[in-house]
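**Q**
Residue numbers (my numbering), protein chains in the order written: chain E, 84 to 349; chain Y, 2 to 344.
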């Protein structure tokens with residue numbers, strides 16, 4: 084499957100996964116908790132891999148509750164792993180101070196900091212994936228409106244998302260047609276660079292005009308109606324408070340080590 | 002060039018969110034002033050177009066590799082800088098949430114690095130100046146290539162600064178910049194050529210679509226309002242951008258200095274060196290909890306008598322906590338599904 088095909092598949096999969104799943108928690112509550120989690124994760128020190136691993140339960144709990152496929156999530160996170168790996172690749176060579184010893188082999192600070200960086204990347208990307216899985220782009224837009232982000236931006240964002248699949252399919256069709264006429268060629272030839280995307284752009288602009296006219300006919304007055312979310316105030320506030328405290332607790336206290344010591348004493 | 006969350010600290014991420022937020026507020030104000038309801042759907046569809054177009058690979062002759070077009074320059078050449086900036090933010094947000102291209106926390110950095118430079122510097126400083134005395138294909142090609150290269154260089158430099166301010170890499174500044182800048186110079190050249198090809202095609206097919214084609218429209222004015230002078234002069238715009246750059250630089254340096262350094266904290270906790278003090282209430286609170294409960298023995302790793310025991314504690318504790326979480330989660334899901342079935 085090519086890049087365009089993968090993108091279309093991912094959007095369909097995310098939408099299909101969310102179908103029929105209603106929650107009593109306000110999308111903004113979920114967004115705030117996900118952001119708080121990301122802040123907690125990235126605030127760990129570069130050598131604090133033990134403390135950082137204590138942030139795993141959040142992902143496990145939500146992953147299981149939502150029935151998320153580990154394979155799908157891993158596929159989505161893999162590019163982040165590569166990126167953070169590249170960013171931290173110099174660390175093992177420049178920071179050679181030995182922190183741990185496993186038998187005769189020393190584990191240097193650079194190795195730990197690189198692993199910590201990659202783990203942070205995995206955790207943050209996974210939490211974003213969970214957030215999208217739970218509330219989707221509609222929920223994100225709804226949350227942004229609740230935060231009083233101007234309606235112009237939120238409407239544009241919702242339209243980008245809604246028309247993404249249409250334009251991706253359009254681009255895929257054009258790519259397929261091009262490939263059939265130029266078999267074995269990698270990418271679009273230099274002679275066709277302008278005409279190929281230019282045609283797509285002109286079609287998009289024409290489509291935008293049609294979209295706008297259709298919206299006017301259906302009573303568009305500057306605000307694009309998003310999906311309606313049913314939520315309960317008490318549950319949403321409790322959700323933010325409880326998860327906020329839980330994440331703060333996992334950030335502040337080395338829970339894994341405390342539990343281990345407690346178990347050993349017992 | 003999309004930055005992941007792991008590459009930034011909360012302080013750097015927050016600072017960049019503030020900078021990008023200010024640019025976004027300015028853009029929304031300008032779009033509102035235009036009072037053109039048609040513009041919002043166009044922003045939406047153009048954002049989706051850029052997203053789709055960036056997934057098309059263009060073969061680069063003689064190299065065997067491929068590239069894609071530069072979204073910021075293309076959007077601002079068609080929509081103008083403010084509307085283009087909003088469309089780019091939308092694209093970056095969708096990329097971040099749907100495709101894990103860049104992190105949610107690092108979104109402020111990504112908006113600044115890719116959308117701000119591409120739309121504002123590219124459009125206002127480069128495109129606008131080159132097209133001042135009319136548009137031609139040669140000028141479009143020059144503006145596109147120069148704009149993409151310059152804005153990508155600025156973006157790459159910002160990535161270097163943000164990463165170093167966050168302290169996630171051991172690479173010194175000069176070495177990091179020496180790696181980042183030349184790569185993005187080549188990428189900028191290719192992206193500029195592709196963008197130029199597309200914009201030249203638009204110029205031939207539908208020239209009225211290009212920003213400032215029918216007489217120069219000033220910042221924030223409607224496209225096609227001939228003869229009206231912009232509210233910002235070129236010198237004023239450059240001065241404002243320089244001031245913004247200076248303020249941003251200052252904020253970044255403040256962020257770098259006030260940012261709790263992971264090494265310092267780790268040295269105190271791991272190596273027990275007295276030279277470095279742990280910072281932050283969280284660490285102090287963790288320390289107090291450990292002292293008062295007396296459950297946790299000294300868990301220093303280096304030169305510690307209880308290193309093996311500590312590691313063992315961590316592994317046992319981690320396994321126990323994970324098992325507990327997994328067990329409870331499955332139980333919760335089981336009861337929830339059963340309740341749903343009964344309904």
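For each residue, glycine too, the CB sits at the ideal point set by N, CA and C.
Let me see if you follow: with CB-CB separation under 9 Å, is residue 346 of chain Y close to chain E or not?
**A** It is not possible to answer for residue 346 of chain Y, since the shown part of chain Y is limited to 2 through 344.
**Q** According to the Cβ coordinates, are residue 203 of chain E and residue 7 of chain Y closer than 9 Å?
**A** Taking the first chain and counting its residues from 1, the one referred to as residue 203 of chain E is at position 120. Taking the second chain and counting its residues from 1, the one referred to as residue 7 of chain Y is at position 6. Yes, they are a contact pair.
**Q** Comparing alpha-carbon positions, which option in E:177, E:173 and E:232 lies nearest residue 28 of chain Y?
**A** On the second chain, residue 28 of chain Y is found 27 positions in, with the first residue counted as 1. Per the Cα distances, E:232.
**Q** Measuring straight from C-alpha to C-alpha, what distance separates residue 166 of chain E and residue 342 of chain Y?
**A** For the purposes of this step, residue 166 of chain E is taken as residue 83 along the first chain, with counting starting at 1. For the purposes of this step, residue 342 of chain Y is taken as residue 341 along the second chain, with counting starting at 1. Those two C-alpha atoms are separated by around 43 Å.
**Q** Could you tell me which of E:223, E:277, E:137 and E:288 sits nearest to residue 42 of chain Y, measuring between CA atoms?
**A** Translated into the one-based positions of the second chain, residue 42 of chain Y becomes position 41. Checked all of E:223, E:277, E:137 and E:288; the closest Cα to residue 42 of chain Y is E:288.
**Q** Which residue's Cα is closest to the Cα of residue 145 of chain E: E:241, E:217, E:122 and E:93?
**A** If you number the first chain from 1, residue 145 of chain E lands on position 62. Ranking E:241, E:217, E:122 and E:93 by Cα distance to residue 145 of chain E puts E:217 first.
**Q** Would residue 210 of chain E pass as an interface residue toward chain Y - the criterion being a Cβ-Cβ separation below 9 Å?
**A** As a position in the first chain, residue 210 of chain E is number 127, starting the count at 1. Output row for residue 210 of chain E: interface = yes.
**Q** So residue 7 of chain Y contacts chain E; which residues on that side make the cut at Cβ distance below 9 Å?
**A** Taking the second chain and counting its residues from 1, the one referred to as residue 7 of chain Y is at position 6. Neighbours of residue 7 of chain Y on chain E, chain order: 124, 125, 163, 166, 167, 170, 171, 199, 200, 201, 202, 203, 204, 205, 206, 207 and 208.
**Q** Would you tell me roughly how many angstroms separate the C-alpha atoms of residue 100 of chain Y and residue 210 of chain Y, rounded to the nearest one?
**A** Locating residue 100 of chain Y in the second chain gives position 99, where the first residue counts as 1. Locating residue 210 of chain Y in the second chain gives position 209, where the first residue counts as 1. So the alpha carbons of these two residues sit roughly 30 Å apart.
**Q** Of the residues that make up the stretch 152 to 177 of chain Y, which ones have a beta carbon closer than 9 Å to any beta carbon in chain E?
**A** 164, 167, 168, 169, 170, 171, 172, 173, 176 and 177
**Q** If we call anything under 9 Å between Cβ atoms a contact, is residue 76 of chain Y one with residue 119 of chain Y?
**A** On the second chain, residue 76 of chain Y is found 75 positions in, with the first residue counted as 1. On the second chain, residue 119 of chain Y is found 118 positions in, with the first residue counted as 1. The answer is yes: Cβ separation under 9 Å.
**Q** In or out: residue 12 of chain Y buried (at least 16 other Cβ within 10 Å) or exposed?
**A** To locate residue 12 of chain Y, count along the second chain from 1; it is residue 11. When all chains shown are included, residue 12 of chain Y counts as buried.
**Q** Considering only DSSP beta bridges, list what residue 189 of chain E is partnered with.
**A** To locate residue 189 of chain E, count along the first chain from 1; it is residue 106. Answer is E:184.
**Q** Report the three-state DSSP secondary structure of residue 59 of chain Y (helix, strand or coil).
**A** As a working mapping, residue 59 of chain Y is identified with position 58 in the second chain. Residue 59 of chain Y: strand per DSSP, three-state reduction.
**Q** If you pair each beta-carbon of the stretch 172 to 183 of chain Y with each one of the stretch 247 to 263 of chain E, do three or more pairs fall below 8 Å?
**A** no
**Q** What residue from E:200, E:157 and E:180 has the CA that sits closest to residue 169 of chain E's CA?
**A** To locate residue 169 of chain E, count along the first chain from 1; it is residue 86. Among E:200, E:157 and E:180, the Cα nearest to that of residue 169 of chain E belongs to E:200.
**Q** What number of angstroms, rounded off, separates the C-alpha of residue 36 of chain Y from the C-alpha of residue 334 of chain E?
**A** To locate residue 36 of chain Y, count along the second chain from 1; it is residue 35. To locate residue 334 of chain E, count along the first chain from 1; it is residue 251. Those two C-alpha atoms are separated by around 47 Å.
**Q** For residue 247 of chain E versus residue 158 of chain Y, is the C-beta spacing smaller than 9 Å?
**A** Position 164 of the first chain, counted from the start, is the residue given in the question as residue 247 of chain E. Position 157 of the second chain, counted from the start, is the residue given in the question as residue 158 of chain Y. The answer is no: Cβ separation not under 9 Å.
**Q** If the cut is a Cβ gap below 9 Å, which residues of chain Y does residue 174 of chain E touch?
**A** In the first chain, the residue the question calls residue 174 of chain E occupies position 91. Taking a Cβ-Cβ threshold of 9 Å, the residues of chain Y close to residue 174 of chain E are 169, 170, 171 and 172, in chain order.
**Q** Can you give the Cα-Cα distance for residue 93 of chain E and residue 87 of chain E, rounded to whole angstroms?
**A** In the first chain, the residue the question calls residue 93 of chain E occupies position 10. In the first chain, the residue the question calls residue 87 of chain E occupies position 4. Approximately 10 Å, taken between the alpha carbons.
**Q** What residues match up with residue 271 of chain E in a beta bridge as DSSP calls it?
**A** To locate residue 271 of chain E, count along the first chain from 1; it is residue 188. Beta-bridge pairing links residue 271 of chain E to Y:59.
**Q** Counting C-beta neighbours from all protein chains within 10 Å, is the total for residue 185 of chain Y 16 or more, i.e. buried, or is it exposed?
**A** Your numbering for residue 185 of chain Y matches position 184 in the second chain. Residue 185 of chain Y should be labelled buried.
**Q** In chain order, which continuous runs of the alpha helix (DSSP H) of length 4 or greater are located wholly inside the stretch 195 to 275 of chain E?
**A** 234 to 264
**Q** So what does DSSP say about residue 133 of chain Y, is it helix, strand or coil?
**A** Sequence index remark: in the second chain, residue 133 of chain Y carries index 132 (1-based). It is coil, neither helix nor strand.
**Q** Please list the partners that residue 330 of chain Y has in chain E, where partner means a Cβ-to-Cβ separation under 7 Å.
**A** On the second chain, residue 330 of chain Y is found 329 positions in, with the first residue counted as 1. Simply 143, 144, 147 and 148.
**Q** Beta carbon of residue 243 of chain E, beta carbon of residue 91 of chain Y: below 9 Å?
**A** Within the first chain, the letter at position 160 stands for residue 243 of chain E. Within the second chain, the letter at position 90 stands for residue 91 of chain Y. Yes.
**Q** Between the Cα of residue 109 of chain E and those of E:158, E:188 and E:315, spot the shortest distance and give me the residue it belongs to.
**A** Here residue 109 of chain E refers to the residue found at position 26 of the first chain. Taking only the C-alpha atoms, the option nearest residue 109 of chain E is E:315.
**Q** Measure the Cβ-Cβ separation of residue 182 of chain E and residue 189 of chain E and say whether it is below 9 Å.
**A** Counted from its first residue, the first chain places residue 182 of chain E at position 99. Counted from its first residue, the first chain places residue 189 of chain E at position 106. Yes, the pair counts as a contact, with Cβ atoms nearer than the cut-off.
**Q** Indicate whether residue 103 of chain Y and residue 178 of chain Y have their beta-carbon atoms separated by less than 9 Å.
**A** Position 102 of the second chain, counting from 1, holds the residue named residue 103 of chain Y. Position 177 of the second chain, counting from 1, holds the residue named residue 178 of chain Y. In this structure, residue 103 of chain Y sits away from residue 178 of chain Y, with a CB-CB distance that is not shorter than 9 Å.
**Q** If we cut at 9 Å on Cβ distances, does residue 259 of chain E have a partner in chain Y?
**A** Residue numbering aside, residue 259 of chain E sits at position 176 when the first chain is read from its first letter. No, no contact with chain Y.
**Q** Take residue 306 of chain Y and list the residues in its own chain whose beta-carbon comes closer than 7 Å to its own, dropping the five residues that flank it on each side.
**A** Within the second chain, residue 306 of chain Y is the residue found at index 305, counting from 1. Reliability fails at residue 306 of chain Y, whose pLDDT of 45 lies under 50, so the model's placement of it is uncertain and the value that follows must be treated cautiously. Excluding sequence neighbours, residue 306 of chain Y sits near nothing in its chain.
**Q** On the three-pair Cβ rule with 8 Å, is the stretch 119 to 134 of chain E touching the stretch 272 to 288 of chain E?
**A** no
**Q** Assuming residue 148 of chain E and residue 330 of chain Y are in contact, meaning their beta carbons sit under 8 Å apart, how far apart are those beta carbons, in whole angstroms?
**A** As a working note, residue 148 of chain E is residue 65 in the first chain. As a working note, residue 330 of chain Y is residue 329 in the second chain. Residue 148 of chain E to residue 330 of chain Y, Cβ: 6 Å. Contact.
**Q** If you compare alpha carbons, which of Y:114, Y:127, Y:326 and Y:25 is closest to residue 153 of chain Y?
**A** Your numbering for residue 153 of chain Y matches position 152 in the second chain. Among Y:114, Y:127, Y:326 and Y:25, the Cα nearest to that of residue 153 of chain Y belongs to Y:114.
**Q** Should residue 124 of chain E be labelled buried (16 or more other beta-carbon atoms within 10 Å of its own) or exposed?
**A** To locate residue 124 of chain E, count along the first chain from 1; it is residue 41. Buried: at least 16 other Cβ atoms inside 10 Å.
**Q** So residue 58 of chain E packs on residue 54 of chain Y, CB below 8 Å; how close in whole Å?
**A** The first residue shown for chain E is 84 and the last is 349, placing residue 58 of chain E beyond what the model contains.
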